[in-house]
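Per this note's numbering, the sequence shown starts with residue 307, numbered consecutively. Even for Gly, the Cβ is constructed at its ideal location relative to N, Cα and C. Quick notes on the structure that follows.
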Amino acid sequence: MRIGILTGGGDAPGLNGILEASARVLLQNGCEVIGICDGFEGVFEHRTVPLTLGLVQNAHARAGTLLGSSNRSKIDGREAEFKAKLESLRLDGLIACGGDGTFAGLYRVCGELNLIGVPKTIDNDLSGTEVTFGYDTACAAVAESVDALRFTAESHKRLFVIETMGRTAGWIALGGGIASYADIILIPERPFERTKLLKFVRAKQTSGRRELMIVIAEGASAKNEAPQIAFEVPDSPQRERYGGAALSLARWLESETGWEARHVVLGHLQRARHPTTTDRFLTLFMGVEAARMALDKKWGQAVVFREGRVSRAPLADLMKPARLVDADHRWIQCAKGLGIFI
Ligand code: F6P
């Protein structure tokens with residue numbers, strides 16, 4: 307069989323693990339493995355690379371994707387061209403690592419395509435799977451940054467506001483925030499009340515605390531206020547890029563309390579790290595399973611993580627609305643139990 311592999315959307319630590327694991331299994335079973343460069347761009351521009359053992363070996367330890375990716379090349383308006391170009395690659399099947407945008411685009415244009423989906427996003431908000439690879443690495447970046455910043459915060463008697471990625475989902479802020487025992491965690495799913503937040507900060511201030519660590523998701527906002535959009539990427543399936551939440555919160559808290567404040571935007575450092583061991587395990591098992599599904603010709607399915615193990619599910623499960631943090635999620639209860647403002 308001739309199997310294509312594509313990585314679409316924003317990169318996530320672990321993508322290379324999927325490429326290495328699935329290519330190794332497919333090659334061992336006599337398949338030809340064709341890597342499509344730069345996501346949908348590679349289809350439009352007919353740019354591919356044979357995934358040989360030499361190319362994929364040891365890729366698992368590296369961040370990014372050796373195939374390149376793009377979250378700007380939409381199929382909209384070029385459907386017929388995309389379909390013809392994809393057909394000309396003469397693939398027996400395609401393994402696509404992406405988010406709902408990647409799968410929805412492929413499904414809409416090439417309904418009959420022999421497709422296997424691998425869910426991917428550091429935001430951890432894809433439906434149909436309980437966790438996505440890259441998420442653990444992003445949480446590690448947040449937790450280690452909060453722990454490191456605490457030292458300078460203590461030295462200078464400052465409060466720090468640390469902004470995480472995640473778009474409309476608070477998973478990264480919540481996971482990274484509780485792992486580093488942040489004092490305050492603000493997520494989009496739980497708009498905060500300014501008066502209550504201020505009361506909490508003032509209480510810490512009067513108790514003599516030298517430092518205060520606040521983790522805020524880029525999409526979080528106060529009650530009845532809109533999240534802050536920094537700019538838009540017109541040809542991206544999700545146009546808005548969030549940003550500015552930490553800066554404005556730090557300025558506001560400093561002016562209200564007199565406690566010197568600084569802000570840090572972690573940005574793409576959350577995506578740029580080598581995958582953690584947890585993410586390596588996840589991509590190793592997911593990559594092997596995706597290849598097995600291709601060998602079994604189980605098209606229209608996705609490899610997912612449910613109830614503690616990698617399994618198979620209908621690809622349509624990944625295209626349901628984003629999986630956000632439940633208002634009463636057990637991690638939120640846990641944070642409250644620790645005395646964290648959330
Ligand atoms: O969806 C993943 C993500 O990293 C978001 O958390 C973030 O808002 C966005 O992508 C950033 O996109 P870009 O790489 O286009 O700046």
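Among all the DSSP beta bridges, which residues are the ones paired with residue i?
i	result
Ser-617	Val-610
Ile-648	DSSP output for Ile-648 lists no bridge partner at all.
Thr-438	According to DSSP, which records beta bridges pairwise, Thr-438 is partnered with nothing at all.
Ala-485	Paired residues: none, contrary to the question.
His-569	Val-467
Do residue i and residue j have their C-beta atoms within less than 8 angstroms of each other?
i	j	result
Glu-524	Glu-469	yes
Glu-560	Ala-552	no
Met-625	Ala-475	no
Ala-402	Val-424	yes
Val-571	Met-519	no
Leu-400	Leu-312	yes
Ile-493	Phe-647	no
Leu-395	Thr-358	no
Leu-630	Ala-447	no
Pro-581	Ala-369	yes
Gly-440	Asp-585	yes
Considering only the alpha carbon of each residue, which of the options lies closest to residue i?
i	options	result
Arg-637	Leu-359, Leu-480, Cys-416	Note on identity: in this sequence residue 637 is Trp, with Arg being the wrong assignment. Looking at the Cα atoms, Leu-480 is the closest of the given residues.
His-352	Asp-634, Trp-477, Val-609, Glu-393	Glu-393
Ala-444	Asn-430, Ala-488, Lys-389, Thr-501	Asn-430
Gly-550	Val-467, Leu-432, Lys-510	Val-467
Ala-367	Gln-334, Gly-323, Gly-336	Gly-323
Pro-319	Ala-619, Ala-578, Thr-584, Arg-612	Ala-578
Gly-341	Ile-309, Gln-363, Gly-360	Ile-309
Trp-558	Gly-314, Ser-433, Ala-619, Leu-504	Leu-504
Ala-386	Thr-435, Gly-417, Cys-640, Ala-619	Gly-417
Ile-428	Thr-458, Ala-459, Met-471, Leu-465	Met-471
Excluding the five sequence neighbours on either side, which residues of its own chain have a C-beta within less than 7 angstroms of the C-beta of residue i, listed in chain order?
i	result
Gly-374	Cys-343, Asp-344
Val-539	Arg-378, Arg-545, Arg-547
Met-381	This sequence places Ile at residue 381; Met is not what is there. Once the five neighbours on either side are set aside, the close Cβ partners of Ile-381 are Phe-346, Phe-388, Gly-411, Val-415.
Arg-508	Thr-563
Asn-420	Asp-398, Gly-399, Leu-400, Trp-605
Asp-442	Thr-582, Thr-584, Asp-585
At a threshold of 7 angstroms, does residue i count as lining the ligand ZN (C-beta to nearest heavy atom)?
i	result
Tyr-548	The ligand ZN is not part of the structure shown, which contains the ligand F6P as its ligands.
Excluding the five sequence neighbours on either side, which residues of its own chain have a C-beta within less than 6 angstroms of the C-beta of residue i, listed in chain order?
i	result
Glu-499	Lys-529
Ala-597	Ser-328, Val-331, Leu-332
Ser-376	Asp-344, Gly-345, Glu-347
Ala-454	none
Leu-601	Asn-335
Apart from the five residues just before and just after residue i, which ones in its own chain have a Cβ nearer than 8 angstroms to its Cβ?
i	result
Val-616	Leu-588, Phe-591, Met-592, Glu-595, Val-609, Val-610
Arg-384	Phe-350
Is any beta-carbon of chain D found at less than 8 angstroms from that of residue i?
i	result
Leu-392	No chain D is part of this structure, which consists of one protein chain only.
Practice task
Return the chain-ordered ranges of every beta strand (DSSP E) run that is complete within the segment 335-409 and spans a minimum of 3 residues.
Solution key: Runs of the beta strand (DSSP E) inside the segment 335-409: 338-342, 354-356, 399-404.
Problem - Runs of beta strand (DSSP E) lying entirely within the segment 525-566, each at least 3 residues, in chain order - result: The DSSP assignment places 535-538, 546-548 as complete runs of the beta strand (DSSP E) inside the segment 525-566, in order along the chain (cut-off: 3 residues).
Problem - alpha helix (DSSP H) runs wholly inside the segment 487-521, at least 4 long, in chain order - result: 500-512
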